[in-house]
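A.B. asks:
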Amino acid sequence: MTDGTRQQISATQLTFVIILFEIGSTPLFFFGSKVGQDAWLAMLMGAVIGLLLLCLFLWIQSKEPERDLIQILNVYFGRFIGSIFGASYFVYFGYESMRNVRDFGELISVTILSQTPIVVIMLIVILIAAYGVYQGVEVFFRIAEILLPVILVSYGILFLLLFLGDLVHFERLGPVMENGLLPILKASFPDIVSFPFGQMIVFLMFWQMVREKKVVVKTSVLAYVLVAIFLVFVNILNLVILGPTLAGMAALPLLQASQLISVADVFERVDVFVTLLIYVGLFIKMSAFYYCAVQALSHLTGKRYKLWVLPTGAVIFAVALLEPNYTYHISLGLTTSLKVFPIFQIAIPLLLSAVMLIRISLKRNTKSGSA
231 MTDGTRQQIS ATQLTFVIIL FEIGSTPLFF FGSKVGQDAW LAMLMGAVIG LLLLCLFLWI
291 QSKEPERDLI QILNVYFGRF IGSIFGASYF VYFGYESMRN VRDFGELISV TILSQTPIVV
351 IMLIVILIAA YGVYQGVEVF FRIAEILLPV ILVSYGILFL LLFLGDLVHF ERLGPVMENG
411 LLPILKASFP DIVSFPFGQM IVFLMFWQMV REKKVVVKTS VLAYVLVAIF LVFVNILNLV
471 ILGPTLAGMA ALPLLQASQL ISVADVFERV DVFVTLLIYV GLFIKMSAFY YCAVQALSHL
531 TGKRYKLWVL PTGAVIFAVA LLEPNYTYHI SLGLTTSLKV FPIFQIAIPL LLSAVMLIRI
591 SLKRNTKSGS A
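See the structure below:
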């Protein structure tokens with residue numbers, strides 16, 4: 231079995247994983263509820279800012295195409311400071327994975343297995359993810375390659391049923407920008423930028439594995455734009471079906487909207503179908519963060535990647551149990567966590583890029599001086 235750092239992925243697989251990863255658990259929530267009917271504009275603005283962040287991540291990768299984020303930090307900050315930053319990213323990746331494990335457990339216990347203890351559900355989920363992570367990134371990316379077409383077709387059918395069910399009322403989108411641009415900007419940054427768009431930082435752990443290095447930028451930007459359009463559309467659907475007030479109050483708005491579907495007394499109880507779609511997104515995102523946490527720990531300790539799969543999974547599982555209830559979990563995730571995440575998604579990458587620019591400039595000056 232090859233070590234995780236020696237494996238390779240194709241540009242097509244990268245595209246599929248970016249789309250599935252960014253979709254993830256995002257359809258579970260209604261973003262930008264503070265600005266009411268302008269929530270879709272807040273999502274759109276968050277996507278635009280996120281695209282600028284993606285360009286920053288891709289620039290960093292272009293300067294070190296054979297290294298991942300943890301290795302780049304060590305090169306430009308030195309072993310000591312680089313290891314501190316690397317350890318902080320291990321915590322960040324692990325925490326993000328934990329959040330998806332808890333989301334998975336709560337969603338399954340509410341919708342399908344109400345009599346099964348959430349501890350058992352989360353344990354099964356983390357063990358399945360651990361097996362996939364242990365097998366390596368190539369297996370993980372192949373799974374996404376198989377799942378994405380099924381997911382996209384399924385979402386297409388869901389959206390069609392929502393329209394056929396006469397549930398869509400576009401007048402609920404007006405008036406547009408009733409209170410100006412500033413509230414929309416405040417709703418989008420940092421919250422929507424942090425989740426889901428800033429999470430693209432995770433691909434600084436994957437891009438160096440892509441065989442076709444020349445198409446990494448094109449592939450990543452294309453996948454990002456496509457999924458951003460999809461997420462804006464989902465936010466619009468929540469608004470035009472539930473209205474801004476109900477969408478903002480609903481714990482799981484898309485799930486609630488799907489419960490309203492009744493077409494020819496045949497297509498009903500589509501909410502179970504939606505739940506299964508969200509399971510797939512949650513699992514992909516959870517596994518990606520899990521893999522990155524393991525890989526970060528491998529770099530930090532100098533030990534083989536596979537040695538850390540089970541210990542890291544055990545930590546993720548244990549921390550997921552610490553939150554007392556789902557209300558606390560959601561409150562922590564959509565308030566405190568979103569204020570901390572920009573440190574990893576914006577502050578450290580900007581600092582890293584500044585150091586890289588200085589180093590590049592010094593090298594050029596040295597070469598021109600010696601010429």
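Going from the sequence shown to the numbering used here is simple: count from 1 and add 230.
Where a beta carbon is used, it is the ideal one built from N, C-alpha and C, also for glycine.
(1) Per DSSP, isoleucine 239 is paired with what?
(2) Quick check on the burial criterion: 16 or more other C-beta atoms within 10 angstroms. Buried or exposed for lysine 444?
(3) Between which two residues does the alpha helix (DSSP H) holding methionine 273 run?
(4) Could you pull out every residue in the same chain whose Cβ sits closer than 6 angstroms to the Cβ of glycine 362, ignoring the five residues on either side in sequence?
(5) Quick one: residues in its chain with C-beta nearer than 6 angstroms to the C-beta of tyrosine 454, no 5 flanking neighbours on either side, listed in chain order?
(6) Just checking my contact of serine 240 with arginine 441 at CB under 8 angstroms: how many whole Å lie between their CB atoms?
(7) Among Phe427, Gly324, Lys448, Leu282, whose alpha-carbon lies nearest the alpha-carbon of leucine 580?
(8) Alanine 359 and valine 247 look like a contact to me (Cβ under 8 angstroms); what is the Cβ gap, rounded to whole Å?
(9) Go ahead and pull the three-state DSSP assignment for lysine 593.
(10) Tell me which residue opens and which closes the alpha helix (DSSP H) that threonine 557 is part of.
(11) To the nearest angstrom, how far is it from the Cα of isoleucine 588 to the Cα of valine 367?
(12) I'd like to check one pair, isoleucine 546 with glycine 395: are the Cβ atoms closer than 8 angstroms?
(13) Between the Cα of threonine 245 and the Cα atoms of Thr341, Val447, Tyr325, which residue gives the shortest distance?
(14) Suppose the cutoff is 7 angstroms on Cβ atoms and the five residues either side in sequence are ignored; what does the same chain contact list for alanine 526 look like?
(15) Should the segment 548-563 be called in touch with the segment 398-413, which here means at least 3 C-beta pairs below 8 angstroms?
(16) Check whether the segment 533-549 and the segment 287-307 touch, using three or more Cβ-Cβ pairs below 8 angstroms as the test.
(17) Can we say the segment 562-573 touches the segment 416-424, given the rule of at least three CB pairs closer than 8 angstroms?
(18) If we ignore side chains and look at the alpha-carbon of each, how far apart do isoleucine 508 and serine 292 end up?
(19) If we count the other Cβ atoms within 10 Å of its Cβ and call it buried at 16 or more, is lysine 515 buried or exposed?
(20) Looking at the structure shown, is isoleucine 302 part of a helix, part of a strand, or coil, going by DSSP?
(21) Buried or exposed: histidine 529, going by 16 or more other Cβ atoms within 10 Å of its Cβ?
(22) Quick one: what does DSSP say leucine 461 is sitting in, helix, strand or coil?
(23) Just tell me which of Val510, Thr531, Val265, Thr346 has its CA closest to the CA of leucine 377.
(24) Flag this pair as yes or no: are the beta carbons of tyrosine 624 and lysine 597 separated by less than 8 angstroms?
(25) Relative to the C-alpha of phenylalanine 204, which candidate in Leu412, Thr242, Met328, Asp268 has its C-alpha closest?
(26) In its own chain, which residues sit with a C-beta less than 7 angstroms from the C-beta of leucine 469, not counting the 5 before and 5 after it?
(27) Let me check understanding here. Comparing Cα to Cα, which of Gly262, Leu582, Asn555, Pro420 lies closest to valine 305?
(28) Helix, strand or coil: how does DSSP classify lysine 569 here?
(29) Report all residues from its chain with a CB closer than 6 angstroms to the CB of threonine 341; omit the five preceding and five following residues, and keep chain order.
(30) Does leucine 250 come out as helix, strand or coil in the three-state DSSP assignment?
(31) Using the Cβ count rule (16 or more neighbours within 10 Å means buried), how would you classify serine 171?
(32) Can you give the beta carbon distance from glycine 280 to methionine 430, rounded, assuming they're within the 8 angstroms contact cut?
(33) Does isoleucine 590 pass the burial test, meaning 16 or more other C-beta atoms within 10 Å, or should it be called exposed?
(34) On a CA-only basis, which of Gly386, Gln345, Phe259, Arg332 is nearest leucine 472? Give me that one, please.
(35) Starting from the Cα of proline 572, find the closest Cα among Ile351, Asn555, Pro420, Arg534 and give me that residue.
(36) Buried or exposed for serine 481, going by 16 or more other Cβ atoms inside 10 Å?
C.D. replies: If we stick to the structure as given:
(1) Here the question's residue 239 lines up with position 9 in the sequence shown. Partner(s): Val440.
(2) As a first step, residue 444 is located in the sequence shown; it is residue number 214 there, counting from the start. That one is exposed.
(3) Along the sequence shown, read from residue 1 onward, the residue named residue 273 stands at position 43. Run containing methionine 273: 269-293, per the alpha helix (DSSP H) assignment.
(4) Mapped onto the sequence shown, residue 362 falls at position 132. Setting aside the 5 residues that flank it on each side, glycine 362 is surrounded in the same chain by Phe370, Ser517, each with a C-beta closer than 6 angstroms to its C-beta; the list follows chain order.
(5) Counting from 1 along the sequence shown, the entry for residue 454 is found at position 224. Excluding sequence neighbours, tyrosine 454 sits near Leu284.
(6) Numbered from 1 along the sequence shown, position 10 holds the residue referred to as residue 240. Numbered from 1 along the sequence shown, position 211 holds the residue referred to as residue 441. By a beta-carbon distance limit of 8 angstroms, serine 240 contacts arginine 441. Their separation comes to about 6 angstroms.
(7) If you number the sequence shown from 1, residue 580 lands on position 350. Of the listed residues, the one whose Cα sits closest to leucine 580 is Leu282.
(8) The residue given as residue 359 occupies position 129 in the sequence shown. The residue given as residue 247 occupies position 17 in the sequence shown. The pair is not a contact, with the Cβ atoms about 15 angstroms apart (cut-off 8 angstroms).
(9) Residue numbering aside, residue 593 sits at position 363 when the sequence shown is read from its first letter. Lysine 593: helix per DSSP, three-state reduction.
(10) As a first step, residue 557 must be located in the sequence shown, where it is residue number 327. DSSP places threonine 557 inside the alpha helix (DSSP H), whose first and last residues are 556-564.
(11) Walking along the sequence shown from the start, residue 588 turns up at place 358. Walking along the sequence shown from the start, residue 367 turns up at place 137. Between the C-alpha atoms of isoleucine 588 and valine 367 there is a straight-line separation of about 33 angstroms.
(12) Position 165 of the sequence shown, counting from 1, holds the residue named residue 395. Position 316 of the sequence shown, counting from 1, holds the residue named residue 546. No; because the gap between Cβ atoms is not below 8 angstroms, this pair is not in contact.
(13) Residue numbering aside, residue 245 sits at position 15 when the sequence shown is read from its first letter. Nearest option by C-alpha distance: Val447.
(14) Looking up residue 526 in the sequence shown gives position 296. Within the same chain, alanine 526 has close Cβ partners Ile300, Gly316, Tyr319, Phe320, Phe323.
(15) The segment 548-563, when compared against the segment 398-413, does not touch it at the 8 angstroms Cβ threshold.
(16) Not touching, per the Cβ criterion.
(17) With a cut-off of 8 angstroms on Cβ pairs, the segment 562-573 is in contact with the segment 416-424, counting three or more such pairs.
(18) For the purposes of this step, residue 508 is taken as residue 278 along the sequence shown, with counting starting at 1. For the purposes of this step, residue 292 is taken as residue 62 along the sequence shown, with counting starting at 1. For isoleucine 508 and serine 292, the distance between alpha carbons rounds to 33 angstroms.
(19) Counting from 1 along the sequence shown, the entry for residue 515 is found at position 285. Buried: at least 16 other Cβ atoms inside 10 Å.
(20) Translated into the one-based positions of the sequence shown, residue 302 becomes position 72. Under the three-state reduction of DSSP, isoleucine 302 is assigned to helix.
(21) Locating residue 529 in the sequence shown gives position 299, counting from the first residue. With 16 or more other Cβ atoms within 10 Å, it is buried.
(22) Residue mapping note: residue 461 aligns to position 231 of the sequence shown, counting from 1. Reduced to three states, the DSSP call for leucine 461 is helix.
(23) As a first step, residue 377 must be located in the sequence shown, where it is residue number 147. Ranking Val510, Thr531, Val265, Thr346 by Cα distance to leucine 377 puts Val510 first.
(24) With the chain covering 231 to 601 only, the question about residue 624 has no answer from this structure.
(25) There is no way to answer for residue 204, as the model of the chain reaches only from 231 to 601.
(26) The residue labelled residue 469 in the question sits at position 239 within the sequence shown. Closer than 7 angstroms at the Cβ level, and outside the excluded window around leucine 469, lie Gln267, Ala269, Trp270, Arg402, Leu403, Ala477.
(27) Here residue 305 refers to the residue found at position 75 of the sequence shown. Closest by C-alpha distance to valine 305, out of Gly262, Leu582, Asn555, Pro420, is Leu582.
(28) Along the sequence shown, read from residue 1 onward, the residue named residue 569 stands at position 339. Correct three-state label for lysine 569: helix.
(29) Position 111 of the sequence shown holds residue 341. The residues are Thr505.
(30) As a first step, residue 250 must be located in the sequence shown, where it is residue number 20. Reduced to three states, the DSSP call for leucine 250 is helix.
(31) This structure gives no information on residue 171, because the portion of the chain shown stretches from 231 to 601.
(32) Here residue 280 refers to the residue found at position 50 when the sequence shown is read from its first residue. Here residue 430 refers to the residue found at position 200 when the sequence shown is read from its first residue. Right, their Cβ atoms sit about 7 angstroms apart.
(33) As a working note, residue 590 is residue 360 in the sequence shown. Isoleucine 590 comes out exposed.
(34) Within the sequence shown, numbered from 1, the residue matching residue 472 stands at position 242. The alpha carbon of leucine 472 has as its nearest neighbour, out of Gly386, Gln345, Phe259, Arg332, the alpha carbon of Phe259.
(35) Taking the first residue of the sequence shown as 1, we reach residue 572 at position 342. When only C-alpha atoms are compared, the closest one is Pro420.
(36) Residue 481 sits at position 251 when you count from the first residue of the sequence shown. Here residue 481 is alanine; the residue named in the question, serine, does not match the sequence. Counting other Cβ atoms within 10 Å of its Cβ, alanine 481 stays below 16 and is therefore classed as exposed.
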